[in-house]
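> If you read the protein sequences in the order shown, they are chains A and B.
In terms of the numbering used here, the first sequence is numbered consecutively and its last residue is 1491.
In terms of the numbering used here, the second sequence is numbered consecutively and its last residue is 597.
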Amino acid sequence: MLFLLSWLRSIARAFARPAALLRRHMGLVVVGTLLIPVHAAVSLWMPRLLGDTLDRLKDGGTADSLRDTCWLLLALAVVEAGSRYVSRRTLIDASRHVEEDLKNDVIAHLQRLPIAWYDRSRTGDVVSRLTQDVELVRFVMGPLLLHGGSTLCLLPAGLWLMMGMDLPVTLASFGVFGLLFVAMRVLVPRLHAWSKKSQEAIAEISQRAHEDFAGIRVVQQFGAATRERAAMATKNRRYLLVNLRAVRLRALLNATSHSTSGVVMLGVLLVGGHQVIAGKITIGQLFQFTGYLALLTFPLEILGWTLATLPRAYAAGIRIAEIFEVAPETAAGSTPALRGHLRVTGLTFTYPGASRPALADVSFELEPGRKLGLVGPVGSGKSTLLALLMRFYDPPRGTVFVDGHDVLDLAPHCLRRLFALASQEPFLFSDTVAANVAFALDASQATAVDAAVEAAALDQDLPQLREGLSTIVGERGVTLSGGQKQRVALARALLSERPGLLLDDTISAVDPVTERRILNGLEQERRGRTMLIASHRLSVLTAADLILVLENGRVRERGDHDSLLAERGLYASAFRRQSEAAALESLPEEGA
Amino acid sequence: MSDPYLDDAPEGRFQLRFLRQLGPFVRPYRRAFAACLALLFVSFALEMLGPWLLRLAIDGPMRGGDGPGADRMGVLVWYGLGFLGTTAGGAVLGYVYGLLTAWNGQRVIRDVRRHLFGHLLGTSLSFHEKNPAGKLTTRVTSDVENLNELIATGVLQSVFDLLKIGGVLVVLFFLDVELAVFTVATTPVVVLLSVLFRRNAQRAYRSVRTRLALQNAYTAELIGGVRTTRAFGREDAVTRRYAERNGDTATSWRETVFHFSVFFSLVDLSLRATTVGLLWFGGSAVLEGTMQPGQFVQFWLYFGLLSGPVKELGEKYNVLQAAFASCERVFQLLGEPRFPPPNPNAVRTERRGAAKIEFDGVGFAYVPGTPVLEHISFTALPGQTIAIVGPTGAGKTTMLSLIARLRDVTSGAVRLDGVDVRDLDPSSLRSRIASVDQDVFLFTGTVLDNVRLFDRTIDEARVWKAIETVGALAFVRQLPQGLSTQVEERGGTFSQGERQLLAFARALVVEPDLLVLDEATSSIDSESEARLQFALEASLRGRTAIVVAHRLSTVRRADRILVLEKGGIAEAGTHRELMDRRGIYAGMVGHVEAVP
């Protein structure tokens, strides 16, 4: 009893949401379902008519009755096709609507989940829940409605009619169908398991191929092509073997279902033939019987498939439910007008699940309109500090204050209206350059795109792009260079009109001349904006009011450019090295 | 499915040259294909035998005839066994056929994939720069996969379906000419319906694929770009945008459902109508006594055999079309010339410790008419280090790629030990050269894999030795699993300096005669900076090296410095000579030394 309860509960967990969404399209479902019995009745009537007619042909019927029967059959065929058409369309449409709604709901929910959840999840996994899993639920739902309904009507009625004709033949036939169901129940899940392995194998091929093409320079230079070919051949072979296993199961399944109908036919022929000989039934009735069988075979087979797929759909439903069960990040908090006075005191922050703190005892204060520089190697905590200011993660209480408010007391969206973030490897959407720059605004507000583009020195690249600002970038369009992407992100941040700017190594891939241009532009464009700049490139930071040199999450050196140079520490030696490289890369006229 | 590169080709159409191009891949398995064809014919014959046996059973024992009931039952059992034979035979043949076609298809596509992948690895760098890795990967995976449909089942099955329709029609004519004429008369209706359906359904289906690809790509973007969306507070905007795209896809889906429903309903209806017609004509014939009931049933059952292949042909066409499009794309790539082009007169070059490299009036242009390099001439004697300095975009990296023949000069010549590199066997040439790039590409795999580039003939001891030589021993030892540490996501967790350190080890482990080096510019942590300095020193010792230099210490120790400006050599000489000249180089260095 308890077991049953928990079983029901987990079924509800997986399918409650799709079922609720189905209720939104009740009209379609009702129309489709009501027509199923109509279709079933007509379908069942037709073999009967045919059987009777055949018998009458043998026993000397009249041409008139034959003609009448033919007209009736034709009319029934029209009703059959019509009802089938309507129920198929409405029910399958309903399942498509559920798929659409479910996808929208998942996306809307995902947009509200905490960033920390995204850190734990792999993009591919989330995407597959949103695509494959939702589609699997729909894939089962449509046929289940359509063929499940049909079977529910056809099976008892057909069974009744058949048993009325001959009980043993009926039982024998359905016994064999039962075996088919068992075979499917065994084979289909195995088939799915091998299909999954096959997908994994092709994913491996895909990943290796992608890397070899992306790193083609290394592959060719080091003469690794032959070796890569061999490695690929091994993966290819594995894929082949896995596929052959899957194919074997599929062929077995096909053979089983084909031979099942053959065996049923044989049974009908032998037992039914015996009855005919004994004079218990007529040839017409035998014919009618086979007609019923043919009628039931298709929905039964589909139902067998669908039921065998049900465990996978259940797993998919659970995976979708898991997403909905994650609590969204809080939207609560006060929303005062912020000026942007920053105070960080004794900030130590450890990522959930990490053993070492990413930031340890960091303190500083920044007046609105001032410029802070953050310097340090990869993993020193620069990006973490900026992420905390965006409230992508919650800092410990009492460590980060804006205008005297602890950031934990502010609504996240309020804090995010204070700062615009642009990062080193920015994310661009597959859309036009203009749309990416104006991402933060609605179409009507995006008037100053050109100015932002100029301030980010992106205008100098536009002539190279075929359609200027309307060029589509990303996977489906033009691939931008790292530096170009960074400048799009910078323009996006500038256009968003936030009072503060967080630049996370944003112009690291930009050449020195352009860098100068951008920095000069930023100074003029700044208009009292607070700026926090994390950078490997120290030339970007010379004008900062305060520079923090981070190492392993701790502040190692602090001060402005001149005082840090005088200190002759980490900062000074790095600065010297970088100036060297810059000088060797630029002609004296330009470097001066 | 969600691949943006699957749809960027014109509609797939069958072209005769596909057969010619696929020929070499299919030929090794031609016996197996012939066996498949034979199997199809046998199972066709078995399928045709069933209704005939049924007819005999009905017209024979069941309808009376002679003898007592028990005898008739005995005859019926024989027919039953015959029927069982055809069924069992059909099932076994179906199983074997399924296996064999898959076996063929899978092997052919494995061969195509292997060939295509190998071919792409041997195409030019400029080809790869024009074609993103994602696109080529799709060609190697999904497109080749689509070919399977064509090879394994598509063509064979379609031809067979046509044969089957023809065969059944012949039998029908044999059974009863009048009824057969009637049946044939109705087939044009079904064919017309299929054609109409095909056109509409294809259009709808195509739009589904395009829209779904767009939507799925956007899905991935929304997940990947969640921080950006969050940072700018655009959650609602992107959710709305997604819903729009989702709605578009759903609309297209429903259109295909519409077309499919109409098609199936109409085909069913027309088959039913034909059936009724059959009943009318056949029934009349039976009533008139010109036809036996069993014969009529047989005709009926044979007619039933037609509906399967007719419906299947309609559906198959979609799949085949996608396969043709993929075929086109795959063969287009296979037509891409190899680089370097095969040269039967190429000679092998042997390792000899240190190489002499010579640029003789070298010019290079990516686009004809706009040279990137012009009149570059210099010689690096064995063991010498040549440093190249100059502004970004002066052609420094391009120059390096000419040495290992990743690109070919447009004019002049690059010579290794006095022989034009174009006359050398490329693999032997590349085996003498190793490079360290500024942006180091790391592969998914272990650190060990990355140092020896998956070459298992290089044992761990040699790898450790190389790591020690470049001074990376301490660095590798402090990694969580040492050499076995997994490199994740293209090495994102390593700093630029650390990646270059690994690249130095990667270069030295193959003990090259010539080192081509692009020095890393920035590295903020002093620890890896010191390590890089050490690695550089170790690597240059006793080797010829061409270095794009970003450090004063590197240029100072170079035997010759080339100052590159706008694609030409503006100044050349040793550090001392160039300083005395007080030209561009002296200006650069002066600028450096002005830094406190």
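For glycine and all other residues, C-beta sits at the position ideal for the given N, C-alpha and C.
Here the structure is a predicted model, which is why all the values come from computation and not from measurement.
DSSP three-state label for A:E1489, please.
Since pLDDT at A:E1489 reaches only 42, below the 50 mark, its modelled position is unreliable, and no value is offered.
> Considering only the beta carbon of each residue, do B:V43 and B:L117 sit closer than 7 angstroms?
No, they are not a contact pair.
> B:I547 to B:L502, Cα distance in whole Å?
C-alpha separation (whole angstroms): 18 angstroms.
> Just to confirm my understanding: we take B:L50, look at its own chain, exclude 5 residues before and 5 after, and list those with CB closer than 7 angstroms. What are they?
Correct list, in chain order: T87.
> From B:V113 to A:S1407, what distance separates their C-alpha atoms?
For B:V113 and A:S1407, the distance between alpha carbons rounds to 42 angstroms.
> Would A:L1379 and A:T1370 be called neighbours here (beta carbons separated by less than 7 angstroms)?
No, the pair does not count as a contact, with Cβ atoms beyond the cut-off.
> Which residues does DSSP pair with B:R561 in a beta bridge?
Paired residues: B:I387.
> Taking Cβ-Cβ distances shorter than 9 angstroms, what residues in chain B pair up with A:G960?
In chain order: G284 and L288.
> Closer than 9 angstroms, Cβ to Cβ, to anything on chain A: give me those residues from the stretch 461 to 488 of chain B, in chain order.
Those residues of the stretch 461 to 488 of chain B that come within reach of chain A (Cβ to Cβ, closer than 9 angstroms) do not exist; the list is empty.
> Within 7 angstroms (strictly less), CB to CB, does A:G1490 reach chain B?
Interpretation of A:G1490 is limited by its pLDDT of 37, a score under 50 that renders its predicted location unreliable; the figure taken from the coordinates is listed afterwards. At least one chain B Cβ lies under 7 angstroms of A:G1490.
> For A:R966, does the count of other Cβ atoms within 10 angstroms reach 16, so buried, or fall short, so exposed?
Burial call: exposed.
> For the stretch 221 to 248 of chain B, which residues have a beta carbon sitting closer than 9 angstroms to at least one beta carbon of chain A?
Answer set for the stretch 221 to 248 of chain B: A221, E222, L223, I224, G225, G226, V227, R228, T229, T230, R231, A232, F233, G234, R235, E236, D237, A238, V239, T240, Y243, A244, N247 and G248.
> Classify B:R507: buried if its beta carbon has 16 or more other beta carbons within 10 angstroms, exposed otherwise.
Flag for B:R507 reads buried.
> Could one say the Cβ of B:D269 lies closer than 7 angstroms to chain A's Cβ atoms, at least one of them?
Yes, its Cβ sits closer than 7 angstroms to a Cβ of chain A.
> Using a Cβ-Cβ distance under 7 angstroms, would B:N217 count as near chain A?
Taking Cβ atoms only, chain A reaches closer than 7 angstroms to B:N217, which makes this a yes.
> Could you say which of A:R1242, A:L1148, A:F1326 and A:R1476 lies nearest to A:V1372 if we only look at CA atoms?
For the residues A:R1242, A:L1148, A:F1326 and A:R1476, the minimum Cα distance to A:V1372 belongs to A:F1326.
> Under a Cβ-count criterion, where at least 16 other Cβ atoms within 10 Å of its own Cβ denotes burial, should A:N1419 be classed as buried or exposed?
It is exposed - the Cβ of A:N1419 has fewer than 16 other Cβ atoms within 10 Å.
> Around the Cβ of B:T458, are there at least 16 other Cβ atoms within 10 angstroms (buried) or fewer (exposed)?
Its Cβ having fewer than 16 others within 10 Å, B:T458 is exposed.
> Give me the Cα-Cα distance between A:L1464 and A:A1471, rounded to the nearest whole angstrom.
Distance between the alpha carbons of A:L1464 and A:A1471 is about 5 angstroms.
> Compute the distance between the beta-carbons of B:V236 and B:T230, then report whether it is under 7 angstroms.
As written in the sequence, residue 236 of chain B is Glu, which differs from the Val given in the question. Yes. Within cutoff.
> Tell me the DSSP secondary structure of A:R898 in three-state form.
Here chain A comprises residues numbered 900 to 1491, so residue 898 of chain A is not present and cannot be evaluated.
> Give every residue of the same chain whose Cβ lies closer than 6 angstroms to the Cβ of B:P383, excluding the five residues on either side of it in the sequence, and list them in chain order.
So the qualifying residues of the chain are A355, K357 and T545.
> Could you check which residue in A:V1448, A:T1205 and A:A1220 has the C-alpha nearest to that of A:L1044?
Cα-wise, what sits closest to A:L1044 is A:T1205.
> Cβ closer than 9 angstroms: which chain A residues qualify as neighbours of B:E530?
What B:E530 touches in chain A: S1472, A1473 and R1476.
> Starting from the Cα of A:A1481, find the closest Cα among B:A521, B:G167 and B:E499 and give me that residue.
The shortest Cα separation from A:A1481 among B:A521, B:G167 and B:E499 belongs to B:A521.
> Give a yes or no on whether 7 angstroms exceeds the smallest Cβ distance from B:M580 to chain A.
Output row for B:M580: interface = no.
> Which residue from A:V1225, A:F1263 and A:R1315 puts its Cα closest to that of A:H1008?
Nearest option by C-alpha distance: A:V1225.
> Measuring CA to CA, which of A:T1050, A:L1437 and A:A1392 is closest to A:A1351?
It is A:A1392.
> How is A:E1324 classed by DSSP in three states: helix, strand or coil?
Reduced to three states, the DSSP call for A:E1324 is coil.
> Give me the Cα-Cα distance between B:M589 and B:Q216, rounded to the nearest whole angstrom.
Distance between the alpha carbons of B:M589 and B:Q216 is about 52 angstroms.
> Counting only Cβ pairs nearer than 8 angstroms, list the residues of chain B close to A:R995.
The answer, in chain order, is A251, W254, R255 and V258.
> Taking 7 angstroms as the CB-CB cut-off, is A:N1003 touching chain B?
A:N1003 counts as touching chain B.
> Leaving out the 5 sequence neighbours to the left and right, which residues in its chain are closer than 8 angstroms to A:W944 when beta-carbon positions are compared?
These residues qualify, in order along the chain: L975.
> Using 8 angstroms as the Cβ pair cut-off and three pairs as the minimum, do the stretch 976 to 990 of chain A and the stretch 1189 to 1208 of chain A touch?
Too few Cβ pairs lie closer than 8 angstroms, so no.
> Going by C-alpha distance, which of A:W970, A:R955, A:L1078 and A:L907 is nearest A:Q1184?
It is A:R955 whose Cα lies nearest to the Cα of A:Q1184.
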